[in-house]
Structure formats: C-alpha cells, structure tokens
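K.L.:
Following full-length UniProt numbering from start to finish, the sequence shown increments by one per residue and tops out at 828. Where a beta carbon is used, it is the ideal one built from N, C-alpha and C, also for glycine.
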Amino acid sequence: LVRVEADRTGTTIDNLKRAFLENLYYVQGKPPALATLNDYYMALAHTVRDRIMQRWNNSAITYTENQSRTVCYLSAEFLMGPHLGNNLINLGLYEPMKQAIDELGINFDELIEEEGEPGLGNGGLGRLAACYLDSLAALEIPTMGYGIRYEFGIFKQDIRDGWQVEITDKWLRNGNPWELARPEWTVSIPFGGHTESYRNSQGVYRARWVPAWEVKGVPYDTPTLGYKVNTANTLRLWKAEAPESFDFQAFNTGDYYGAVNAKVVSENITKVLYPNDDEIQGKVLRLQQQFFFVSCSLQDMIRIMKGQKIPMERFHEKFAVQLNDTHPAIAVAELMRLLVDQEFLGWDEAWAITQNTLAYTNHTLLPEALERWQIDLFRDLLPRHLEIIYEINQRFMDDVRVKFIDDDARLARMSLIDESGERYVRMANLACVGSHAINGVAALHSELLKQTVLKDFYEYSPEKFSNKTNGVTPRRFMVLSNPRLTQLITDRIGSGWITDLEQLRQLEQFIDDPAFCQQWRSIKQAIKQDLADSIQKDYGVDVSIDSIFDIQVKRIHEYKRQHLNLLHIITLYNRIKANPNIDITPRTFLFGGKAAPGYFMAKLMIKLVSAVSEVINRDPDVRGRIKVVFLKNYNVKFAQHVYPAADLSEQISTAGKEASGTGNMKFAMNGALTIGTLDGANVEIMEQAGEENFFLFGLTAEEVRERKARGYDPKAYYNANPNLQLVIDRIASGFFSHGDKTLFQPIVDNLMQSDPYLLFADYQSYVECQDRVAEAYRDQDKWTRMSILNAARMGMFSSDRSIQEYCDDIWNVKPVTVKETE
Ligand code: 26W
C-alpha cells in the first residue's frame with residue numbers, strides 16, 4: 007500500500023492551497039510572481055489530477071482483480087468539454103477548491119474560464135458519447151471509451167463580414183494536463199497489400215493478410231470520474247505514429263525523403279476530425295481513421311484478455327462493445343479477422359462471439375448520411391476485410407433466402423454489398439448483421455428506423471431492435487453550468503436529484519409557492535444578465551433581460567431549419583415596419599452553431615442571420631424591441647452558459663428528420679419552454695412536460711410523408727399567404743443585402759422551387775405558435791409555473807436513465823464498487 011502525503015492528495019483548504027502552490031512551482035516551474043493565467047490553470051489542473059489518481063488506480067486494480075465485465079464504447083467522436091469544473095464537481099471538491107484558490111487571492115472563476123476544450127466531435131453524437139461516459143462512471147460500470155486523439159478537433163469558427171471562417175483548432179498547444187500517454191501499450195495497425203492462403207502445421211488452409219504498410223497506435227488515457235463515487239474509468243484515444251523501423255529501413259537504403267514522407271502519411275491518420283455531420287465524403291483517409299481506431303481498440307481488448315488469462319472463447323463475456331453509429335462498424339470484420347486469422351478460432355465460433363459482443367446504435371435517418379465505401383477503395387486498404395465481408399454476406403444471404411423465399415429485391419437491399427451501380431460496402435448493413443442489438447435514439451426515431459432505412463433488417467430479426475431514448479448528464483448541464491438553480495433546488499428537495507433526476511418532480515409542490523416562484527424567476531433573470539453582459543462585451547449589442555431569450559443553438563442544417571426561425575423574425579419586423587407603434591413582446595433571438603465547411607447552403611444561412619441582425623438591430627423603428635445576434639464558435643464550454651439563460655428553446659426541425667436532439671433536453675431541464683415540432687425526443691419531452699407546457703406546431707412525420715407523396719408545391723403556400731410573401735420578397739429584394747438581389751437567391755430559389763424541408767408548409771403554424779409564446783410570456787406568473795413544471799418533469803432525460811437501460815437490455819452488465827483506500 008502506497009501512502010501519499012496530505013500535500014499530494016489531502017483535501018483540507020490548507021492542503022489544497024499548498025498543493026496548488028507546489029504544482030505551480032514544480033510542474034509549471036514558476037513562482038507566483040512570474041505566473042501567467044495559464045500557469046495558474048495548469049497548477050490547478052494538476053492539483054485536481056493528483057486527487058483523481060488514487061481513484062483511477064484503484065478502479066484499474068479492482069477491475070483487473072475481479073476480471074470485471076466491461077463496456078467498451080467505440081466512437082469516432084467524444085465531445086468532452088472542459089474537464090476542470092466537471093472533475094471538481096464529480097470529486098465533490100468544487101467548493102473547497104474555490105475557497106482555497108480565492109484565499110490565495112486568485113480568481114477561481116477566471117481559471118475555470120481559462121480552460122479550452124478538446125473539440126473531438128461535431129455535435130450531438132460526440133456529446134452524447136461524453137454524457138454516457140459520465141453516467142457510466144456515476145453508475146459504477148467498468149467502462150472504456152475508445153476513440154481517436156485528433157490533433158486538430160472541430161474548427162474554431164470566426165464570423166467575418168457575416169460569413170463563417172474556419173480556423174484550425176490547436177487544442178494541444180499548451181499541453182493537456184488531463185491525459186497520460188501509455189506508449190507501453192502501443193499496437194501495430196496493418197494497411198493495404200494482399201491476402202494469401204497457406205497450410206498450417208496440421209495441414210489446414212488458413213488465410214493470411216500480407217499488408218503493404220503499417221502504423222503504430224499509441225494510447226492516450228483520460229480518467230472519467232463518477233459523481234461522488236470512487237469509480238474512475240478510462241477514455242482511451244489513439245494517436246497514429248510512424249513505425250520507427252520504417253524510417254530506418256528507408257534511411258538505410260538512402261531514401262531519406264521517402265522515409266520522411268512515410269512518416270507524414272502515417273501521422274496524417276489522426277491529424278484532423280472530419281467536420282461533417284451530414285454527408286459522407288467517401289475519402290480514404292476517413293476509412294483509415296475508422297479502421298485505425300477500431301483495430302487499436304479491439305487489439306487492446308485482446309491484450310487485456312490475455313493479461314487476465316481469460317480464454318479467447320469468452321471475449322463476449324468479458325466485453326460488451328457498443329458501436330456509436332456506423333463509424334466503427336468495420337469492427338464486425340476486424341473482430342472476425344483477429345479471432346479467426348490471429349487467434350485461430352473456427353469461423354462459426356468467431357461469428358457467434360462477434361455477434362454476441364457487438365451492438366449498434368443508429369443516429370440518423372438522413373439517407374445522405376448512411377456510410378458506404380467504394381469496393382475498390384475498400385479493397386486497396388483492407389483486402390482481408392473485404393474477403394471476410396464477402397464470406398459473411400454469402401452466409402447471410404443464404405439465411406435470408408431461406409426465410410424469404412424468392413425475394414430477389416429484398417436480397418439486393420439487404421446485401422452487405424450495394425450492386426445497383428458502382429459497387430459499395432454498406433456499413434449500416436454490416437453493423438446490423440454483426441450485432442445482437444440495434445437501437446434508435448428516441449421513440450419516434452426507433453419506429454421510423456423499423457419502417458424505413460432498417461425495415462428489411464427489422465423484418466428479418468425483429469428481436470434485435472429496441473429504443474434507447476437519449477439523455478444528458480445533469481452533473482455538467484445543471485450542477486456545473488447552473489449553480490444558482492442547483493442551490494435553489496437542493497435547498498428545497500435535498501441533493502438526491504443529482505443522481506436520481508426523477509426526484510425533480512418534488513418541485514411540482516412549489517408551483518403555487520410565491521416565494522419559490524419569485525426565486526426561480528430572479529435566478530433566470532440573473533443568468534440572463536450574465537449572458538447579456540457577455541454579449542455586450544463581445545458583440546457590442548445591448549440586449550434587455552426583460553425580453554424573451556429565444557435561442558437556437560445547434561449545427562447549422564437545412565433540416566434543423568434555422569431559416570424558419572428567420573422567417574418568423576422577419577415577419578415580426580414586417581409587422582413593426584407596417585405599424586411602428588404595434589404592441590410587441592420584446593425578444594432577443596440568439597443563434598449559434600457551426601456549418602460544415604463544404605455546406606454552401608448552411609454557410610449562406612449564417613450570412614442571412616448576420617444580415618438580418620444588422621438591419622433589425624439598428625433600425626430605429628424597432629426601438630430595440632427585437633434583437634438578433636449570431637454567437638460565434640458555439641461549443642460545449644459556451645453551451646454551458648447558454649442553456650441556463652434561455653426562456654425559449656427552438657426545436658423546429660422538419661418532423662421525421664432529427665433522430666433525437668439532446669440540446670432540447672438541456673434547455674428544458676434548465677427551465678426553458680420549448681417551441682417545437684413532433685420530431686425526435688421532442689415528442690417525449692412534450693409527453694413528460696404536458697401538452698399545456700409545450701409550444702407545439704407543424705406537420706407530423708406522417709403528414710410530412712403524405713405531403714411529399716402527394717407532390718408538395720411550396721409556391722402554392724407562397725401565393726396563398728401574404729405575410730409569407732412579404733417575408734420572402736424582402737429577402738429576394740436585396741433588403742438585407744444592401745440591394746444585392748443575388749446574394750440570398752439560392753435560399754429563396756430553393757424554398758420557392760423545392761423547399762425540401764417544408765418551411766412553407768409549417769410557416770403559418772409556426773408564426774401562430776410564436777404568437778402564443780409572446781402572449782404567454784406576458785403573464786410572468788404563468789410562464790414561471792410552466793418553466794418550473796418543465797424542469798420538474800425532465801427526470802427521464804438524465805443519461806443515467808438511458809445508460810441503465812443499455813446496461814439492462816443490451817450490455818447485461820452490473821456495477822462494480824471501487825473501494826477507497828486509506
Ligand atoms: C459520415 C458523416 C456523418 C457524421 C456524423 C454522418 C452522421 C453523423 C452523426 C450520426 C450525426 C449526429 O451527430 N447525429 C445526431 O446524433 C444525436 C445523438 O444521438 C441526436 O440527438 C441527433 O438528433 C442526431 O442528429
């Protein structure tokens with residue numbers, strides 16, 4: 007047993023102060039007189055990290071000794087957000103640490119704000135992975151998160167002249183105090199080449215992959231703490247490095263530049279996150295990334311099995327591997343290769359293990375986002391995997407043929423290979439066939455999956471399908487980001503809600519308590535003031551906290567319909583222009599979100615928000631009653647300031663398009679009301695909150711389908727609706743673009759000619775609903791009651807509930823308590 011001095015891990019205020027100063031001196035190498043803000047941040051981070059280590063080591067020892075069944079969450083993205091505050095919350099040290107730092111005369115909140123974030127994800131899918139790691143640790147489930155350590159994460163967004171500009175995200179520039187490299191567990195990843203068959207010593211034919219090149223995968227580990235438990239799990243991210251032998255070989259033959267080039271090519275694999283969360287691009291580098299991290303992770307699991315002397319036949323008993331969308335779906339073929347070619351298991355046994363190990367979560371219905379790889383590209387990179395996929399497919403097609411006799415069309419649709427034109431490997435089909443469980447991420451989405459993109463697979467194996475409605479962690483998105491509300495709630499109902507969010511229902515008893523309602527309201531106002539101050543500082547725009555804070559923050563997408571929001575804003579503006587003395591409920595419209603760099607329409611939508619804001623914010627007729635601001639570089643860190651400040655949450659995607667949404671949940675649990683369509687998890691949010699506490703508008707998914715089948719004509723809506731006409735004509739006339747009629751023409755033309763996301767069909771319903779919002783806000787007492795009821799009824803959207811369902815229904819895994827030493 008190692009004894010560690012109080013200075014290293016003690017938690018009294020004096021221990022913390024001394025530890026902080028020591029870390030400043032010995033880790034940063036600075037006396038206070040020379041320390042920068044970043045030095046202070048780093049010293050604080052190390053002080054926190056020292057207090058994590060014992061939990062991390064004890065967890066590792068416990069899991070090893072008990073050979074614990076372990077969840078492996080495979081995800082190409084983990085959008086973790088800043089670690090410092092979250093770790094302090096989970097350690098239960100936030101308040102003491104704040105006191106210690108403040109007593110040293112250093113502003114603690116400034117140090118929290120100093121931390122950047124590892125932007126290793128695009129949006130919903132990556133953030134969900136991070137929430138799930140938090141809940142897995144809170145529930146004491148042995149877990150490994152496996153992913154990619156991108157050198158550059160999602161780009162930093164600047165806005166210049168109203169346009170998005172992308173800046174490289176050098177998140178590792180100042181060092182990363184939260185990770186430890188583990189070079190001793192480096193693995194080797196083969197690529198390219200060809201396959202051969204050979205006879206083993208018993209004379210049995212086996213396949214062998216003779217790769218053309220290889221790269222090294224080096225693991226970097228970050229601890230993920232559970233809330234006030236001793237569990238510290240691991241997020242293991244892989245960095246690609248050139249194998250040294252490569253350099254030496256080439257160097258010895260005199261090809262120095264060839265050697266350097268090989269190094270560059272290898273290390274490129276984990277250079278940058280693909281910033282798309284919509285369309286697939288079919289780039290070989292992305293397939294390299296996917297195979298790289300999947301192979302690293304599966305080889306790591308095999309190493310762990312061997313270390314614990316567990317026979318390979320029991321792989322599925324040791325590990326439950328979740329595929330976060332199809333990005334890691336190559337795991338189906340790679341696990342087969344490792345078990346058959348490397349561990350010499352028979353095909354049938356390996357296949358049973360593979361299916362029992364893997365499970366697949368689908369996150370999107372958009373057909374353009376379904377991953378597929380050109381056969382030639384796939385074969386060049388992964389020749390052995392293509393053979394394995396053909397073998398899986400042949401057996402699978404035989405099974406389908408038996409179950410659905412004489413149905414060639416079905417066979418063609420279900421085949422792992424798309425042969426309708428140019429040939430492709432279909433990753434969703436591969437994931438379905440290789441998994442024992444398949445799930446969608448909200449009730450509606452899971453139903454639509456069964457009726458549309460995965461229909462054939464549902465009919466073939468209905469028992470594999472289930473729904474797991476998404477959730478978010480209340481530790482980061484309430485306790486950390488909204489301390490004032492947390493305090494108020496805890497004062498009334500105790501702190502049990504933090505790990506059992508259903509307990510928020512106890513707040514319902516206070517909706518008629520005027521003191522409580524007053525406190526609830528003044529907290530919201532105070533938070534709005536903080537955001538208003540930062541908007542004034544960063545954008546020079548004055549916003550009133552008595553206006554409705556009406557917020558839409560999420561990736562910019564046509565299906566998410568930020569431009570429908572704009573149509574409403576312009577409608578209000580037109581009303582003011584027609585009648586400057588009109589009585590209007592003041593509103594502050596806030597937008598935030600990144601557009602994929604190659605997504606022209608999304609970038610033009612950002613420009614339109616900026617253009618509209620410029621006109622409206624300075625038109626004297628408006629008299630400040632409506633304001634529009636595009637908040638640049640929306641990320642997790644900024645999100646934490648945004649959700650608590652919202653009055654109204656915009657969740658206005660075309661019904662049937664948003665798989666779930668998770669921002670919708672973060673808003674509602676912080677007391678925002680939602681204006682939304684019956685899409686994704688909005689359906690369940692409304693069910694929970696009660697229809698009377700939710701602003702519903704728009705066509706249902708079913709109606710959208712019918713409308714399109716019947717032949718949708720946006721012009722008919724335009725011709726029939728003078729207000730809509732006025733809005734569209736304003737944009738088309740160049741009113742928002744200094745007279746330039748061409749600038750926004752692509753948006754206008756798109757809406758007038760096809761309107762694929764049915765903005766025009768939903769316009770009237772949306773505007774009328776917004777009028778109800780404006781009316782409701784005038785009755786502040788009523789609004790506050792609705793706000794409290796929303797928060798009180800969001801218990802089911804804790805990621806603890808989601809994870810419990812995954813544990814029970816898919817992973818079959820139980821908590822393992824980690825004991826405290828000393
Ligand atoms: C290959 C390009 C690509 C990249 C990422 C295609 C698709 C994706 C993701 C699946 C997109 C994504 O983040 N989906 C979101 O997942 C969230 C978590 O389940 C849901 O809440 C969102 O509704 C869904 O859009």
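1) Under 8 Å from any heavy atom of the ligand 26W, does the C-beta of Gln287 make it?
2) Just the C-alpha distance for Gly686 and Leu795, rounded to the nearest angstrom, thanks.
3) Hey, quick one: how far does the beta strand (DSSP E) through Ile195 stretch, first residue to last?
4) Where does Leu85 land, buried or exposed, given buried means 16+ other C-beta within 10 angstroms?
5) Is the beta carbon of Leu131 within less than 8 Å of some heavy atom of the ligand 26W?
6) Taking 8 Å as the cut-off, is the C-beta of Glu453 nearer than that to any heavy atom in the ligand 26W?
7) Does Lys324 pass the burial test, meaning 16 or more other C-beta atoms within 10 Å, or should it be called exposed?
8) Can you list the alpha helix (DSSP H) stretches of 4 or more residues lying completely in the stretch 112-164, in chain order?
9) Please classify Asp13: does DSSP put it in a helix, a strand, or coil?
10) So, is Asn206 buried or exposed, given that buried needs 16 or more other C-beta atoms within 10 angstroms?
11) Whole angstroms is fine: what's the gap from Leu139's alpha carbon to Asn670's?
12) The ligand 26W and His322: does any heavy atom of the ligand fall closer than 8 Å to the residue's C-beta?
13) Just to confirm, does Tyr812 get its C-beta within under 8 Å of one of the non-hydrogen atoms of the ligand 26W?
14) Spatial neighbours of Arg481 within its chain, please: C-beta separation below 8 Å, excluding the five flanking residues on both sides.
15) Who are the near neighbours of Tyr464 in its chain, counting only those whose CB is closer than 6 Å to its CB and skipping five residues on each side?
16) Quick one: measure Cβ to Cβ for Tyr649 and Lys672, integer angstroms, because I've assumed they're closer than 8 Å.
17) Could you tell me which of Met48, Asn676, Ser808 sits nearest to Arg799, measuring between CA atoms?
18) Taking the C-alpha atoms as reference points, what is the distance between Val355 and Ser441?
19) Could you give the residue range of the alpha helix (DSSP H) that holds Leu329?
20) On the CB-based measure, 16 or more other CB atoms within 10 Å of its CB, does Glu690 come out buried or exposed?
21) In terms of residue numbering, what span does the beta strand (DSSP E) encompassing Glu247 cover?
22) Using a Cβ-based criterion (distance less than 8 Å to any ligand heavy atom), does Val447 qualify as near the ligand 26W?
23) On a CA-only basis, which of Ala674, Leu304, Phe700, Gly696 is nearest Ile681? Give me that one, please.
24) Check whether the Cβ atoms of Glu397 and His333 lie closer than 9 Å to each other.
25) Can you tell me whether Gln568 is buried or exposed, with buried defined as 16 or more other CB within 10 angstroms of its CB?
26) Using a Cβ-based criterion (distance less than 8 Å to any ligand heavy atom), does Ala415 qualify as near the ligand 26W?
27) Provide the residue(s) that pair with Val221 in DSSP beta bridges, ordered along the chain.
28) Pick out whichever of Asp777, Ala738, Ile737, Ala695 has its Cα sitting closest to the Cα of Met802.
29) For the ligand 26W, is there a heavy atom less than 8 Å away from the beta-carbon of Leu134?
30) Would His369 pass as a contact of Leu131 if the rule is Cβ separation under 9 Å?
31) Measure from the alpha carbon of Asp414 to the alpha carbon of each residue in Arg429, Asp462, Asp386, Leu387, then state which is nearest.
32) Considering only the alpha carbon of each residue, which of Ile19, Asn585, Asn571 lies closest to Thr660?
33) Report whether the distance from the Cβ of Ala665 to the nearest heavy atom of the ligand SAH is below 8 Å.
34) Please report the straight-line C-alpha distance between Leu22 and Ser65, rounded to a whole angstrom.
35) Within the present structure, is the beta-carbon of Thr660 separated from the nearest heavy atom of the ligand 26W by less than 8 Å?
36) Contact between the stretch 171-191 and the stretch 201-220: three or more CB pairs below 8 Å?
P.N.:
The answer reads as follows:
1) yes
2) 21 Å
3) 193-197
4) buried
5) yes
6) no
7) buried
8) 114-120, 130-144
9) helix
10) exposed
11) 20 Å
12) no
13) no
14) Asn92, Ile95, Asn96, Asp140, Ala144, Tyr233, Ile504
15) Lys456, Phe471
16) 5 Å
17) Asn676
18) One point to set straight first is that residue 355 is Glu, not Val, in the sequence displayed. C-alpha separation (whole angstroms): 15 Å.
19) No alpha helix (DSSP H) contains Leu329, which is instead part of the beta strand (DSSP E) from 325-330.
20) buried
21) 238-247
22) yes
23) Phe700
24) no
25) buried
26) no
27) Ile195
28) Ala695
29) yes
30) yes
31) Asp462
32) Asn571
33) Questions concerning the ligand SAH fall outside what the structure shown contains, since the ligands it does hold are the ligand 26W.
34) 24 Å
35) no
36) no
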